[in-house]
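Residue numbers (the numbering used here): 99 to 206. All residues carry an ideal CB built from backbone N, CA and C; glycine is no exception. This one's a predicted model, so the numbers in the text were calculated from it and none came from an experiment.
Here it is, written out as structure tokens:
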């Protein structure tokens, strides 16, 4: 771009010089605007990345909490199963005792 302006200045043609300067200003301003837009885009992307990283950390903490809670629930279920098995054994013993009691009453 600068080479074209140098050639235009050397030719001495006022129209060529003026049009070259105008084109140079337009290109310069576009580059400046593009740089500002690019910087804004980059800063927004960095902010989005930071937000996503924060969300990832929070989700990992949620997952860890749910895993721990699930582990506690599994332990509770094991305890309930054990209690139910004890109840079943006790009911079976009571049923046997009741049957023996009924048989003893029939004999009398």
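Query: Apart from the five residues just before and just after residue 138, which ones in its own chain have a Cβ nearer than 6 Å to its Cβ?; Result: none
Query: Taking the alpha helix (DSSP H) that residue 202 belongs to, which residues open and close that run?; Result: 112-205
Query: Distance check for residue 178 and residue 185, CA to CA, integer angstroms please.; Result: 10 Å
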